[in-house]
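Using this note's numbering, read the sequence shown as starting at 16 and increasing by one per residue.
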Amino acid sequence: MMTEERKNQLYDEMFGWICEHIHDSHDLYITLHEHFGMSKEELHDHCIESLDEYFPEDGPIERLKQKLNACFEQYKAGWLQKRPDVLIEEAEEIASVQRMFKELPKAVTEEDAEYLLRFKNPLEVVSDSWQSMNGSGTVVDDDMSYILWDLRDKQSAEFDYELEPEYYGQPAPSSPEMTPQMSM
């Protein structure tokens with residue numbers, strides 16, 4: 016079996032051979048990008064920046080995705096520095112950021128992306144807005160009344176969640192003692 020070190024050595028030698036023997040920039044671009052799938056960033060890692068002109072310019076959606084990735088990495092780095100009690104306190108905000116990071120790229124239009132690119136942290140802008148519209152402050156009064164009424168009316172929670180014995184007084188409905196037995 017080939018070791019990782021040997022793979023890296025062969026990769027470097029093959030990459031060097033390709034760059035040494037293909038002199039035309041367009042042919043080199045076709046070989047490295049189109050045939051081998053190397054990205055612009057991977058070519059830059061090998062100090063090849065002369066092929067940038069062959070790459071199409073990223074549109075606003077792609078630029079926004081890149082910016083969202085950078086913002087999310089900053090969030091994660093910040094979260095790793097926080098104490099567990101602070102993370103628990105900020106759980107709703109963290110969930111909002113994670114959800115927007117996941118959903119925003121699928122929903123954004125080019126016009127939306129162009130607008131959001133104006134902001135230093137578009138992920139913060141969208142997640143704060145989503146949280147203010149859908150955060151913990153939205154479940155109040157009528158919504159809570161409906162939730163409680165629905166739970167009592169359907170009584171399906173009794174089958175989905177463990178019950179306290181002193182409040183049920185008999186085995187839970189999902190237990191074997193309550194399961195109807197078929198007789199023949």
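We put the beta carbon where it would ideally sit given N, CA and C, even for glycine.
What does a CB cutoff of less than 6 Å around V140 pick up in its chain, not counting 5 residues either side in sequence? F134
Test item: CB-CB of L95 and V112 under 9 Å: no
For R98, three-class secondary structure by DSSP: Coil, per DSSP.
Distance CB(E105)-CB(K97) smaller than 9 Å: yes
With distances taken from CA atoms, which of E72, E108 and E126 is nearest Q224? An answer regarding residue 224 cannot be provided, because it is not within the stretch 16 to 199 covered by the chain.
Taking the alpha helix (DSSP H) that V123 falls in, what are its first and last residues? Premise fails: V123 is in no alpha helix (DSSP H) and is neither H nor E.
May I ask which residues mark the beginning and end of the alpha helix (DSSP H) holding K55? K55 to D60
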